[in-house]
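Protein sequence lines correspond, in order, to chains A and B. Note that the first sequence ends on residue 313 in UniProt numbering; no numbers are left out. Note that the second sequence ends on residue 307 in UniProt numbering; no numbers are left out. Just so it is clear, CB atoms sit at the ideal spot from N, CA and C, and this is done for glycine as well. To keep things clear, I will list the structure first and then write my remarks on it.
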Amino acid sequence: MLSYILRRILATLPVMAIVALFVFSLLYIAPGDPAVVIAGDQASPEDVERIRQSLGLDRPFLIQFGDWVWRILHGDLGTSIFTNLPVSAMIGQRLGPTLSLMTVTLLLTIVVAVPLGVVAAWKAGSLVDRAIMAFAVFGFSLPVFVVGYMLAYIFALELEWLPVQGYTPLSEGFWPWLENLILPAIALGCVYIALVARITRAAMLEVLQQDYIRTARAKGLGQGGILFIHALKNAAVPIVTVIGIGIALLIGGAVVTESVFAIPGLGRLTVDAILRRDYPVIQGIVLLFSFVYVLVNLLIDVTYTLVDPRIRY
Amino acid sequence: MTDTIATTQPLPAGLVIAPQLPELLQPVRIRRGIIGFLRGHPTVAIGGALLIVLILIGIFAPYLGTVDPTALAPAKRTRAPSADFWFGTDVLGRDIYSRVLYGARVSLTVGLSVAIFASAAGLAIGVVSGFVRWADGILMRFMDGLMAIPPILLAIALMALTRGSVGNVILAITIAEIPRVSRLVRSVVLSLREQPYVDAAVACGTRTPMIILRHILPNTLAPMLVQATYICASAMITEAILSFIGAGTPPTVPSWGNIMAEGRALWQVKPYIVFFPAAFLSVTVLAVNLLGDGLRDALDPRMAKRL
């Protein structure tokens with residue numbers, strides 16, 4: 001098993017290398033002269049030249065790439081064109097809010113989506129099942145900012161139950177922190193909940209047809225025990241997999257959610273960087289998120305082998 | 001009079017003509033044609049009808065009581081919805097009704113183009129990696145790498161380097177969608193290659209291009225069509241997100257995303273600026289998703305059972 005885990009870790013290295021190569025070569029793939037585009041319409045030729053030099057666009061591709069990778073391996077993501085601060089420092093400042101938002105959303109999704117999927121599979125074909133699946137289609141179709149504005153309008157502006165916008169760090173208390181994250185987490189989690197609920201239902205439907213479920217029922221186990229202990233445990237692999245894959249949705253959605261709810265996280269930083277055409281910052285954020293995504297999915301893969309003794313490689 | 005003999009002659013003893021049997025079972029009505037298909041799959045009908053209405057709105061936007069969607073009227077800024085301005089006006093006095101209707105063009109163009117381009121590219125890459133063994137490893141490692149970048153972020157990174165235009169938005173979202181399609185096509189191709197009829201064709205000496213054309217491509221069509229609708233839906237959402245955060249269509253081209261972006265600063269006092277494009281976007285995406293779910297149930301029953 002240890003050799004499998006090692007092999008799995010080694011297998012992610014080429015993926016990360018390709019991600020790095022791709023994120024780096026975006027500058028070259030893009031049509032037109034990136035230095036001119038980044039400098040903007042009002043830039044003087046000197047500005048363009050300064051940007052070209054700061055991005056290293058005046059040197060050969062491979063040398064630049066090697067240099068860039070070397071610096072990244074030392075934790076240096078480059079320097080922002082706009083603020084002249086190191087990108088890693090800028091990202092570090094904004095990490096807290098985004099991490100909080102994602103954690104709350106992830107917990108909310110698991111707590112809501114898994115039971116929904118289990119109930120839908122248990123009552124397959126019934127009105128409850130249809131209602132849950134209809135909700136899943138809607139959840140999938142409503143863009144995150146639409147849900148965000150709707151929730152903010154109803155629960156913050158009209159009912160005044162929760163704050164409209166903003167963020168309070170966890171260090172200032174648990175409730176002030178959570179209060180600001182409830183609406184964003186629901187908005188961001190909508191698509192994710194729909195996805196996880198659908199997969200949970202599908203996986204549970206398959207497991208519920210197995211002989212051991214009939215045995216469990218025959219020996220008189222209660223419905224709850226069968227569903228949540230026997231069935232859910234055996235349906236866990238596809239569910240955990242989709243939770244891992246869905247993190248990509250969370251990352252993409254966070255950018256928008258943070259704009260809607262004015263949360264000063266990495267999403268806001270991304271949007272600001274786009275408006276200022278601060279490419280090193282965008283590059284750093286994309287690289288960071290991609291690595292996080294790959295690592296989370298690696299972690300999930302490795303966890304299977306530890307948790308589920310049936311999986312042997 | 002020969003034909004009456006059978007009835008006039010007495011039957012031999014012990015033989016009786018069976019009485020007309022009553023119809024025990026209702027005859028199975030086989031629904032045929034497009035109408036029959038639509039009645040059998042109501043989600044396809046609802047999704048398709050909604051989508052057709054929206055496409056018509058996009059095409060005929062200039063004739064539906066709209067004014068120039070980019071015409072500024074500083075005197076009539078942020079008017080609430082009324083008989084004159086059905087959806088109100090925005091910060092620059094532009095008519096939101098006109099902007100939303102013209103915005104349908106951008107959303108639908110982006111959605112459909114991305115679905116077509118990403119499917120075509122994904123089909124080509126998937127078939128090549130399914131048939132050319134040495135290319136498979138390289139292509140799929142590359143796709144793995146591309147897939148590791150969350151699609152919206154990939155599109156954002158691409159857009160940050162180009163000038164905002166509808167064409168660039170389509171290109172950026174297509175690149176972000178290709179890896180998933182390629183993976184799907186590859187897995188379908190690999191399972192089709194194991195089919196007896198492909199073995200038979202190989203045994204007959206059919207050349208590979210012919211096998212691909214005759215046996216592989218037609219069988220990838222159904223899952224591709226389903227996938228293409230989902231790509232269309234996600235491309236429309238991605239376009240709106242890109243435009244919303246200022247990395248999508250330029251401000252001169254009204255799209256649902258940038259109408260919402262312009263209403264963002266005022267949404268607490270003038271929620272209708274955000275509401276109308278949001279409603280249209282949601283309905284459009286819902287229509288496409290319904291169409292996709294219906295097509296999946298109709299074309300791919302095995303998959304439908306799993307989901």
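In whole angstroms, what separates the C-alpha of residue i from that of residue j?
i, j, result
"Leu-127/A", "Met-133/A", "10 Å"
"Thr-109/A", "Phe-276/B", "28 Å"
"Ser-255/B", "Ile-57/B", "14 Å"
"Asp-58/A", "Arg-52/A", "6 Å"
"Met-204/A", "Ala-121/A", "6 Å"
"Gly-145/B", "Pro-14/A", "8 Å"
"Pro-169/A", "Leu-266/A", "15 Å"
"Phe-62/A", "Leu-27/A", "Per the sequence shown, residue 62/A should be read as Leu rather than Phe. Roughly 13 Å between the two C-alpha positions."
"Ile-216/B", "Leu-225/B", "15 Å"
"Thr-270/A", "Arg-39/B", "47 Å"
"Val-202/B", "Ala-89/A", "60 Å"
"Leu-178/A", "Leu-6/A", "38 Å"
"Arg-183/B", "Met-143/B", "8 Å"
"Tyr-304/A", "Arg-186/B", "26 Å"
"Arg-306/B", "Glu-206/A", "Only weak support exists for where Arg-306/B lies, its pLDDT of 46 falling under 50; the value from the coordinates is given anyway. Each residue's alpha carbon lies about 8 Å from the other."
"Ala-265/B", "Pro-81/B", "18 Å"
"Val-44/B", "Gly-292/B", "8 Å"
"Gly-257/B", "Ile-241/B", "6 Å"
"Gly-103/B", "Ala-261/B", "13 Å"
"Ile-116/B", "Cys-232/B", "9 Å"
"Ser-191/B", "Ala-236/A", "26 Å"
Bridge partners for residue i per DSSP, in chain order?
i, result
"Pro-86/A", "Thr-79/A"
"Thr-89/B", "Asp-95/B"
Counting only beta-carbon atoms, is residue i nearer than 7 Å to chain B?
i, result
"Gly-78/A", "no"
"Pro-97/A", "no"
"Gly-92/A", "no"
"Pro-143/A", "yes"
"Tyr-304/A", "no"
"Leu-26/A", "yes"
"Gly-252/A", "yes"
"Pro-14/A", "yes"
"Val-87/A", "no"
"Val-137/A", "yes"
"Phe-261/A", "no"
"Ala-194/A", "no"
"Ile-81/A", "no"
Return no unless some Cβ of chain A is closer than 7 Å to the Cβ of residue i.
i, result
"Asn-289/B", "yes"
"Val-110/B", "no"
"Ile-173/B", "no"
"Leu-286/B", "yes"
"Gly-246/B", "yes"
"Ile-96/B", "no"
"Ala-118/B", "no"
"Ile-178/B", "no"
"Leu-123/B", "no"
"Leu-307/B", "In this prediction, Leu-307/B scores a pLDDT of 46, lower than 50, which makes its location untrustworthy; the coordinate-derived value is nonetheless stated afterwards. At least one chain A Cβ lies under 7 Å of Leu-307/B."
"Ala-240/B", "yes"
"Thr-4/B", "With a pLDDT of only 47 at Thr-4/B, under 50, the local geometry of the prediction cannot be trusted, and the value read off the model is given with reservation. Thr-4/B does not count as touching chain A."
"Ile-212/B", "no"
"Ile-231/B", "no"
"Ile-46/B", "no"
"residue 317/B", "Not covered by the structure: residue 317/B. The range shown for chain B is 1 to 307."
Practice item. For the region 135-159 of chain B, enumerate the residues whose C-beta is nearer than 8 Å to any C-beta of chain A, in chain order. Key: From the region 135-159 of chain B, only Arg-141, Phe-142, Asp-144, Gly-145, Leu-146, Ala-148, Ile-149, Pro-150, Pro-151, Ile-152, Leu-153, Leu-154, Ile-156, Ala-157, Leu-158, Met-159 have a Cβ closer than 8 Å to chain A.
Point to revise | Interfacial residues, the region 279-290 of chain A to chain B, with Cβ spacing under 8 Å | key: Result list: Tyr-279, Ile-282, Gln-283, Ile-285, Val-286, Phe-289, Ser-290.
Review point. Can you list, in chain order, the residues of the region 251-282 of chain B whose Cβ is nearer than 7 Å to any Cβ on chain A?
Key: Answer set for the region 251-282 of chain B: Met-260, Trp-267, Gln-268, Pro-271, Val-274, Ala-278, Leu-281, Ser-282.
Review point. Pairing CB atoms from the region 257-275 of chain A with CB atoms from the region 162-176 of chain A, are three or more of them under 8 Å?
Key: As far as the Cβ criterion goes, the region 257-275 of chain A touches the region 162-176 of chain A, which means the pair count is three or higher.
Check your understanding: Are at least three pairs of beta-carbons, each pair with one atom in the region 241-252 of chain A and one in the region 297-306 of chain A, less than 8 Å apart?
Key -> Using a Cβ-Cβ distance cut-off of 8 Å, the region 241-252 of chain A and the region 297-306 of chain A are in contact, since at least three pairs of beta carbons, one from each stretch, lie closer than that value.
Review point. So does the region 104-111 of chain B actually touch the region 164-175 of chain B, counting three or more Cβ pairs closer than 8 Å?
Key: The answer is yes - the region 164-175 of chain B touches the region 104-111 of chain B, with three or more Cβ pairs under 8 Å.
**Study point:** Interface positions of the region 121-132 of chain A facing chain B (Cβ-Cβ less than 8 Å), listed along the chain
**Key:** For the region 121-132 of chain A, which is checked against every Cβ of chain B, not one residue is closer than 8 Å.
**Study point:** Inter-stretch contact (C-beta, 8 Å, three-pair minimum) for the region 146-163 of chain A and the region 175-185 of chain A
**Key:** Three or more beta-carbon pairs drawn from the region 146-163 of chain A and the region 175-185 of chain A are found closer than 8 Å, and the two stretches are therefore classed as touching.
Review point. Are at least three pairs of beta-carbons, each pair with one atom in the region 171-186 of chain B and one in the region 138-153 of chain B, less than 8 Å apart?
Key: Touching, yes.
Exercise for review: Give a yes or no on contact between the region 192-203 of chain A and the region 215-230 of chain A, applying the rule of three or more CB pairs nearer than 8 Å.
Suggested key: Verdict: no, contact absent.
Check your understanding: Just by C-beta distance, which residues in the region 213-245 of chain A are closer than 8 Å to chain B?
Key -> Considering only beta carbons, no part of the region 213-245 of chain A lies closer than 8 Å to chain B.
**Study point:** Any 3 or more C-beta pairs closer than 8 Å across the region 120-133 of chain B and the region 279-298 of chain B
**Key:** Contact check between the region 120-133 of chain B and the region 279-298 of chain B: fewer than three CB pairs, one atom from each, fall below 8 Å, which does not count as touching.
Exercise for review: Kindly confirm or deny that the region 140-149 of chain A and the region 221-234 of chain A touch, where touching means at least three C-beta pairs closer than 8 Å.
Suggested key: The region 140-149 of chain A makes no contact with the region 221-234 of chain A: fewer than 3 CB pairs, one atom from each, lie closer than 8 Å.
Practice item. Give the residues from the region 144-155 of chain A that approach chain B closer than 7 Å (Cβ to any Cβ), ordered along the chain. Key: Of all residues in the region 144-155 of chain A, the ones placed with a Cβ closer than 7 Å to any Cβ belonging to chain B are Phe-145, Val-146, Tyr-149, Tyr-153, in chain order.
Check your understanding: Per the contact definition of three or more C-beta pairs closer than 8 Å, is the region 249-259 of chain A in contact with the region 133-142 of chain B?
Key -> Taking 8 Å as the limit for Cβ pairs, the verdict is that the region 249-259 of chain A does not touch the region 133-142 of chain B.
Review point. Would you say the region 246-254 of chain B touches the region 267-274 of chain B, given that touching needs at least three Cβ pairs under 8 Å?
Key: The region 246-254 of chain B is not in contact with the region 267-274 of chain B.
Point to revise | Contact residues within the region 180-192 of chain A, judged by C-beta distance below 8 Å to chain B | key: From the region 180-192 of chain A, no residue has a Cβ closer than 8 Å to chain B.
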